[in-house]
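Counting from 1, position 39 in the sequence shown corresponds to residue 38 in numbering that gives the first Met the number 0; the numbering is continuous, with no gaps. Even for Gly, the Cβ is constructed at its ideal location relative to N, Cα and C. Down below is the structure, laid out as structure tokens.
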Amino acid sequence: MIPPPPRSSEPTTAEAAAWADVLVRRRLVHAALLTPTGRWLLQEQPDGPVRVLAGPSEILALAATIQHATRSTRPGSR
């Protein structure tokens, strides 16, 4: 597989918010909340610990990791 080209710009808060919404709606994470400081609070399970993510790039990295794991474990994904 050919890796995607590097991004030409940093991820925006709006892009991260869209991905966070998808992750919550698809129940891949329990909650994701943007704080006034630009950090994200993320909880993967209802009774799990809350993680602090530094910014939009960490939300996108998490979404990519989850997407990769989902696709690689799905039968017939090739």
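Local Cβ density within 10 Å of residue i, reported as buried at 16 or more and exposed below that
{"i": "Ile-1", "result": "exposed"}
{"i": "Ala-31", "result": "buried"}
{"i": "Pro-4", "result": "exposed"}
{"i": "Leu-22", "result": "buried"}
C-alpha gap between residue i and residue j, whole angstroms
{"i": "Leu-60", "j": "Arg-26", "result": "Here the sequence assigns Ala to residue 60, which means Leu is not the residue at that position. Their Cα atoms are separated by approximately 17 Å."}
{"i": "Pro-74", "j": "Glu-57", "result": "28 Å"}
{"i": "Leu-52", "j": "Gly-37", "result": "9 Å"}
{"i": "Thr-12", "j": "Pro-35", "result": "11 Å"}
{"i": "Thr-69", "j": "Pro-45", "result": "20 Å"}
{"i": "Glu-14", "j": "Gly-47", "result": "25 Å"}
Element boundaries [beta strand (DSSP E), containing residue i]
{"i": "Leu-33", "result": "30 to 33"}
Beta-bridge partners of residue i, as assigned by DSSP
{"i": "Gln-42", "result": "Ala-30, Val-49"}
Enclosing alpha helix (DSSP H) for residue i [first to last residue]
{"i": "Ser-8", "result": "No alpha helix (DSSP H) holds Ser-8; DSSP gives it neither H nor E."}
{"i": "Thr-12", "result": "12 to 24"}
{"i": "Thr-36", "result": "Segment: none, Thr-36 is in no alpha helix (DSSP H) and carries neither H nor E."}
{"i": "Pro-2", "result": "Run containing Pro-2: none; DSSP gives neither H nor E here."}
{"i": "Pro-55", "result": "55 to 72"}
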